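Residue numbers (numbering that gives the first Met the number 0), protein chains in the order written: chain A, 0 to 438; chain B, 0 to 438.
See structure below.
Protein chains: 2
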Amino acid sequence: MPRKSLLKPALTTLFLLLLSSYFIFIAFFSPNPNLNSFVSRENVINSPTVKVYMYDLPRKFTYGVIESYAMARGGIKAPVDDDSLLTYPGNQHSAEWHLFSDLNRVDRVNSAVTRVFDPEQADLFYVPFFSSLSLVVNPIRPAATATEGRVVYNDEEMQEGLIGWLEEQGYWKRNNGWDHVFVCQDPNALFKVVDRVKNGVLLVSDFGRLGRDQASLVKDVILPYSHRIRSFGGDAGVESRESLLFFMGNRYRKEGGKVRDLLFQILGNEEGVTIKHGAQSRESRRAASLGMHTSKFCLHPAGDTPSACRLFDAIVSLCVPVIVSDYVELPFEDVIDYRKIAVFVDTSSAVKPGYLIKLLRRVSTERILEFQQELKKVKRYFEYEDPNGTVKEIWRQVSLKLPLIKLMINRDKRLVKREFPEPDCSCLCSNQSGIHTTL
Amino acid sequence: MPRKSLLKPALTTLFLLLLSSYFIFIAFFSPNPNLNSFVSRENVINSPTVKVYMYDLPRKFTYGVIESYAMARGGIKAPVDDDSLLTYPGNQHSAEWHLFSDLNRVDRVNSAVTRVFDPEQADLFYVPFFSSLSLVVNPIRPAATATEGRVVYNDEEMQEGLIGWLEEQGYWKRNNGWDHVFVCQDPNALFKVVDRVKNGVLLVSDFGRLGRDQASLVKDVILPYSHRIRSFGGDAGVESRESLLFFMGNRYRKEGGKVRDLLFQILGNEEGVTIKHGAQSRESRRAASLGMHTSKFCLHPAGDTPSACRLFDAIVSLCVPVIVSDYVELPFEDVIDYRKIAVFVDTSSAVKPGYLIKLLRRVSTERILEFQQELKKVKRYFEYEDPNGTVKEIWRQVSLKLPLIKLMINRDKRLVKREFPEPDCSCLCSNQSGIHTTL
Numbered sequence: 000m001p002r003k004s005l006l007k008p009a010l011t012t013l014f015l016l017l018l019s020s021y022f023i024f025i026a027f028f029s030p031n032p033n034l035n036s037f038v039s040r041e042n043v044i045n046s047p048t049v050k051v052y053m054y055d056l057p058r059k060f061t062y063g064v065i066e067s068y069a070m071a072r073g074g075i076k077a078p079v080d081d082d083s084l085l086t087y088p089g090n091q092h093s094a095e096w097h098l099f100s101d102l103n104r105v106d107r108v109n110s111a112v113t114r115v116f117d118p119e120q121a122d123l124f125y126v127p128f129f130s131s132l133s134l135v136v137n138p139i140r141p142a143a144t145a146t147e148g149r150v151v152y153n154d155e156e157m158q159e160g161l162i163g164w165l166e167e168q169g170y171w172k173r174n175n176g177w178d179h180v181f182v183c184q185d186p187n188a189l190f191k192v193v194d195r196v197k198n199g200v201l202l203v204s205d206f207g208r209l210g211r212d213q214a215s216l217v218k219d220v221i222l223p224y225s226h227r228i229r230s231f232g233g234d235a236g237v238e239s240r241e242s243l244l245f246f247m248g249n250r251y252r253k254e255g256g257k258v259r260d261l262l263f264q265i266l267g268n269e270e271g272v273t274i275k276h277g278a279q280s281r282e283s284r285r286a287a288s289l290g291m292h293t294s295k296f297c298l299h300p301a302g303d304t305p306s307a308c309r310l311f312d313a314i315v316s317l318c319v320p321v322i323v324s325d326y327v328e329l330p331f332e333d334v335i336d337y338r339k340i341a342v343f344v345d346t347s348s349a350v351k352p353g354y355l356i357k358l359l360r361r362v363s364t365e366r367i368l369e370f371q372q373e374l375k376k377v378k379r380y381f382e383y384e385d386p387n388g389t390v391k392e393i394w395r396q397v398s399l400k401l402p403l404i405k406l407m408i409n410r411d412k413r414l415v416k417r418e419f420p421e422p423d424c425s426c427l428c429s430n431q432s433g434i435h436t437t438l
Numbered sequence: 000m001p002r003k004s005l006l007k008p009a010l011t012t013l014f015l016l017l018l019s020s021y022f023i024f025i026a027f028f029s030p031n032p033n034l035n036s037f038v039s040r041e042n043v044i045n046s047p048t049v050k051v052y053m054y055d056l057p058r059k060f061t062y063g064v065i066e067s068y069a070m071a072r073g074g075i076k077a078p079v080d081d082d083s084l085l086t087y088p089g090n091q092h093s094a095e096w097h098l099f100s101d102l103n104r105v106d107r108v109n110s111a112v113t114r115v116f117d118p119e120q121a122d123l124f125y126v127p128f129f130s131s132l133s134l135v136v137n138p139i140r141p142a143a144t145a146t147e148g149r150v151v152y153n154d155e156e157m158q159e160g161l162i163g164w165l166e167e168q169g170y171w172k173r174n175n176g177w178d179h180v181f182v183c184q185d186p187n188a189l190f191k192v193v194d195r196v197k198n199g200v201l202l203v204s205d206f207g208r209l210g211r212d213q214a215s216l217v218k219d220v221i222l223p224y225s226h227r228i229r230s231f232g233g234d235a236g237v238e239s240r241e242s243l244l245f246f247m248g249n250r251y252r253k254e255g256g257k258v259r260d261l262l263f264q265i266l267g268n269e270e271g272v273t274i275k276h277g278a279q280s281r282e283s284r285r286a287a288s289l290g291m292h293t294s295k296f297c298l299h300p301a302g303d304t305p306s307a308c309r310l311f312d313a314i315v316s317l318c319v320p321v322i323v324s325d326y327v328e329l330p331f332e333d334v335i336d337y338r339k340i341a342v343f344v345d346t347s348s349a350v351k352p353g354y355l356i357k358l359l360r361r362v363s364t365e366r367i368l369e370f371q372q373e374l375k376k377v378k379r380y381f382e383y384e385d386p387n388g389t390v391k392e393i394w395r396q397v398s399l400k401l402p403l404i405k406l407m408i409n410r411d412k413r414l415v416k417r418e419f420p421e422p423d424c425s426c427l428c429s430n431q432s433g434i435h436t437t438l
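Here is the structure:
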C-alpha cells in the first residue's frame, strides 16, 4: 500500500516537472530554429506574420506552362493527367517555381508570410503565373521531333489572358491591385501587361526594362537569379585559385554589349585572366563551374539589362564578384552589404586599359580571404533550395512592403481632386556618391 | 506519518501545477497586453525590436529651450539648477517632449524600439532637439515683466548650432545621416537646416513647407498634433449634438487663407452651423471644446499648411471631421482608414454655395453613429499620454523605416559613378483618383 501511494504522486510530480520544463523551454526560447536569432525577450516583439492568399489560377498559367514547355521540346508527347509528372525545367528564372512550391508545402514554418485559404483574411494576394517560363515556351530553334504535336503557345496571349482573368476577381479590383504580388523575374516577363499590374509588388531581377512609374526599390523586390553552376563546397582559400579573373558568357549583348566587347578586348591577353565566349549549355556550365571555383575574382559585366545570373554563380563559387554594371540593383541590400563581398568598378574606369587588372593584382590574399569569409556568411541568401535561404528571404522582403501598401490603399481612396502639376509620388533619393571603385 | 508523507507530494504537485500553468500562460499568450493582437502562434513571428540611441545633446537643445521659453515669459526669473523644475509648456507641437520623455523612462515595455546606451549597438540615432518649441521661445508680444531678464535667444542660431554639434559626431558622418531621426513637428521647425538633415527620418506634421527631395511618405513619419481641447468622455450619440457643423479658428491664414475666408462667407449664415474666428487662448479652447462636443461635424480647412491641430481636436471630440484640405497627409494611414472616421471634400466643391451643407444634411444618424464608433476605435492613436497611444505608434512607424534605411546606407556606399539624366529616386506614385468627396 504505502509503496503504491508514493509511486502515484512521484509519477505525477515527474510528469508535471517534465511538463513545466517543456513550457519553460517554449516560453524562453524563440521558436525560431535559426540559432543566430536568439535575443533576449525584452528586445523582441511579436509581430503577426503577413497573410498571403495564393490564387488558384487556371491550370494553363502554372502547370500548363511547364507542360507546353515540355511538349514544345518533345519531353512529353501529350498533355498529362497528373501534374506531379511535370518537372519545372532548370533555368535562372526559377523563383516562380520555388515560391509556388513553397506556398504549396503543408509544413511551412518560420516564414514571414502565412498562407491563408480564405481571401477575406488575406493581406496580400500572390499571382503564381509562371511568367518567365511562359516567355521561353517556344524554343528559339524548335526541336524537329517536337514540331508535329506542338501546341500553339503564345506568351502575349497568356499575359492578356491573365489580366482578363484577374479583372474578374473582386479582390483585384478592390484595392486597385496594390495588394497583389507578381513574379516577373525575366526582364521581359509580363512585359506586355506591366502597366496594368504596376501597382502591385513586382518580384524582378532589375529595373532595366521598367520605367520609374512602373517599378522601384520602394515598391518592389529584387530577386537573385537561381545560380546555374554548382556551389563551391570548399572553404575560403586561394591555394586552388590560380586564376586571377574569370568570365565566361556572351560577348555581344543588346544594351550591355558594348562594355562586354570592350572588356574582352582589354582583358583578353592579360596573364591570369580567362575571358571567353560561352553559351547556355550543360557543357558551358561545367566549364564555368571549374573556372569560377579556381579563380579569385569573377567578372560581372552588365548584359542586356544591368543584372545577370553570373553574379550569383560567382557568389556560390566563393569567387569574389567584380561588378561592372553601373545601374545594377542588388537583392536584399538591406541585409547584405555588397561592398563586403564584391568589388564595384564604374564602367568608364573599367574599360581603361590596364586599370582593372592593376586594381585586382594589388588586392592582398588577406583581403581576398576576408571577401570569401563574408561570401560564406551570405551564401544561403542565394540558395533557393535552402529552407533558410532565398525563398524565406523573398517572403520577408515582401512582408516588409505591407505597411506602405496599406498606406497607399487607404490614401488613394480618400484622395480628392487636386491641382497637381506633376505626378503624386513619394520618393527616396540617393546621394549619388559617384566613386569609381569600392576597392 | 502517512499524513505528512501525503502532504509533501501534494504540495509539490500543487506547486508544479501552478508553475506549469504559469508557463503555459506565458507560452501561449502574447506578452503584448493589447488584447486585440491575440493571434495563434503559427501566425506570429518574433522580430527583434529596433535599437535607438538617443543623443545626450548639450542641455541648451533640450531643457535649455524650455528654460529660455519660461524666462522669456516671466515664468521663471533665472536659469534653474534642477531640470525637473522645468515644465514643457502645453502646445500642439509637443511630440518632441513626449518622445524624449518616453525614451527617458526606465520602465519602457512593449515598444517597437528599445533604447540602447551604446551607440555601437544602435540601429537608429534620435536627435531630441526641441525644434518646435525653439521656434516660439521668443513670444510674438514679449511680456513686459519678462523683458528685463530676457535671454537673447535665436532659433536659427540654435539650428546651426545643432548641425555644428552633429557634424562632430562620428555616427552622424558614418552613414550620411540616413539612420538619424529628427522631430520637426512645427512646419517651420529646423527650417534653416532642413537640407542638411533631409537624409534622416523627419517626424513632421505635413509636407507643406518641404520639397519632394526633402521629405516623403516613404522616408518620413507624419505626426498628429497634440490635441488642445479636452477629449470627449461620452459615448457615441447625436442627442447632445444639436449643431450640424462647427469651426472655430483663424479666418485668414497665409496659403490656406483663401479657402477659409470663402468658407466663412458661404457657411456663416447657415442654420445649425457655427463658424467663428478664434485665436489661441485658454478661453477659446474652452469654447471650442464645448462647440466640438455638441456638434455632429467639425470643419477642418487647410491653414498655412495642409494640416492643423483642429483635425485631432475633432477626433478626440467624436465630432466627425470634414476635411477640406486637398494636400493633407495623415498620420498612421497604414493602420487608419480615414474614410471611416472623416468626410473628405475637395476644395473647389466645398466652396460652391450650398454644396457642403446639403451634403452633410443628407447624412443619416446611423451613418454618423458609425463614424463615431470608428472614431472611438482609433482615438487612442491621438492621445500622446496613453501608454498604448501616439508615442507607441510613432516609434512603430519609425521602426518600419529601418529596412529601407539600411538599404539606402548599403546602396549609397557602393554606387559608382553613373551617367544619370535625373536624380536617382525610388518612388511610390499614387493613382490620383480625383473624387470630389468620400461621402
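Every residue gets a Cβ at the ideal spot worked out from N, C-alpha and C, and that includes glycine.
These figures come from a predicted structure and were not determined experimentally.
| Check | Outcome |
| --- | --- |
| Any contact between the region 365-380 of chain B and the region 308-318 of chain B? By contact I mean 3 or more CB pairs, one from each, below 8 Å. | yes |
| Give the secondary structure of Pro78 (chain A) by DSSP, where H, G and I count as helix, E and B as strand, and everything else as coil. | coil |
| Starting from Asn409 (chain B), follow the alpha helix (DSSP H) in both directions and report where the run begins and ends. | Leu401 to Arg413 |
| Which of the three DSSP states is assigned to Ile265 (chain B) in this structure? | helix |
| Using DSSP bridges, identify the partner residues of His92 (chain B). | Bridge partners of His92 (chain B): none, in fact. |
| When you compare only the Cα positions, how much space is there between Tyr125 (chain A) and Met53 (chain A)? | 5 Å |
| Touching or not, the region 181-200 of chain B and the region 92-106 of chain B, by the rule of three or more beta carbon pairs under 8 Å? | yes |
| Going by C-alpha distance, which of A:Ser67, A:Leu102 and A:Leu209 is nearest Leu85 (chain A)? | A:Ser67 |
| So Val115 (chain A) and Thr48 (chain A) are supposed to be a Cβ contact under 8 Å. How far apart are they, rounded? | Rounded, the Cβ-Cβ distance is 10 Å, inconsistent with contact. |
| Any beta carbon from chain A within less than 9 Å of Asn31 (chain B)'s own beta carbon? | Note that Asn31 (chain B) scores a pLDDT of 38, beneath 50, so its modelled location is shaky; the value from the coordinates is reported in the next line. Closer than 9 Å: yes. |
| What does a CB cutoff of less than 7 Å around Arg195 (chain A) pick up in its chain, not counting 5 residues either side in sequence? | Ile162 |
| What are the residues in the region 96-130 of chain A lying within 7 Å of chain B by C-beta distance? | Ala111 and Thr113 |
| In the structure shown, what three-state DSSP assignment does Leu310 (chain A) receive? | helix |
| Locate the beta strand (DSSP E) running through Ile335 (chain B), then write down its first and last residues. | Careful: Ile335 (chain B) lies outside any beta strand (DSSP E) and carries neither H nor E. |
| For Ala214 (chain B), is the classification buried or exposed, using 16 other Cβ atoms within 10 angstroms of its Cβ as the cut-off for buried? | buried |
| Enumerated in chain order, which unbroken segments of the alpha helix (DSSP H) with a length of 4 residues or greater are wholly contained in the region 92-173 of chain A? | 94-103, 130-134, 154-165 and 169-173 |
| When you compare the CB of Cys297 (chain A) with every CB in chain B, is at least one pair closer than 9 Å? | no |
| Can you tell which of A:Val272, A:Asp303, A:Leu401 and A:Cys426 has its C-alpha closest to the C-alpha of Gly290 (chain A)? | A:Val272 |
| Quick one: what's Phe343 (chain B) bridged to in DSSP? | B:Ile322 |
| List the residues of chain B that Ser425 (chain A) touches, going by C-beta distances under 7 Å, in chain order. | Ser215, Leu216, Val217, Cys426 and Leu427 |
| So, is the C-beta of Leu414 (chain A) closer than 9 Å to a C-beta in chain B? | yes |
| Listing by chain order, which chain A residues have their CB less than 8 Å from the CB of Ile162 (chain B)? | Simply none; closest approach about 17 Å. |
| Ordered along the chain, which non-local residues of its own chain (more than five positions away) have a Cβ less than 8 Å from that of Val136 (chain A)? | Val64, Ser67, Tyr68, Ala71, Tyr152 and Asp154 |
| What's the gap between the Cα of Ile340 (chain A) and the Cα of Ile139 (chain A)? | 36 Å |
| What does a CB cutoff of less than 7 Å around Ile265 (chain B) pick up in its chain, not counting 5 residues either side in sequence? | Val350 and Pro352 |
| When burial is assigned at 16 or more other CB atoms within 10 Å of the CB, is Gln396 (chain B) buried or exposed? | buried |
| Quick one: which unbroken beta strand (DSSP E) runs of 3-plus residues sit fully inside the region 231-295 of chain B? Chain order, please. | 242-248 and 272-276 |
| Would Arg410 (chain B) count as contacting chain A if we go by Cβ distances under 9 Å? | yes |
| Could you check which residue in B:Ile44, B:Leu406 and B:Leu401 has the C-alpha nearest to that of Lys50 (chain A)? | B:Ile44 |
| In terms of residue numbering, what span does the alpha helix (DSSP H) encompassing Val377 (chain B) cover? | Thr364 to Val377 |
| Say whether chain A places a C-beta atom closer than 9 Å to the C-beta of Tyr326 (chain B). | yes |
| Report the rounded CA-to-CA distance for Leu56 (chain B) versus Met157 (chain B), giving the unit in angstroms. | 12 Å |
| Quick check: is the beta carbon of Phe343 (chain A) nearer than 9 Å to any beta carbon in chain B? | yes |
| Residues of the region 201-215 of chain A in Cβ contact with chain B at a cutoff of 7 Å, in chain order, please. | Arg211, Asp212 and Ser215 |
| Report the rounded CA-to-CA distance for Tyr326 (chain B) versus Ser306 (chain A), giving the unit in angstroms. | 38 Å |
| Measuring alpha carbon to alpha carbon, tell me which of B:Ser204, B:Asp178, B:Leu209 and B:Asp205 ends up nearest Val192 (chain B). | B:Leu209 |
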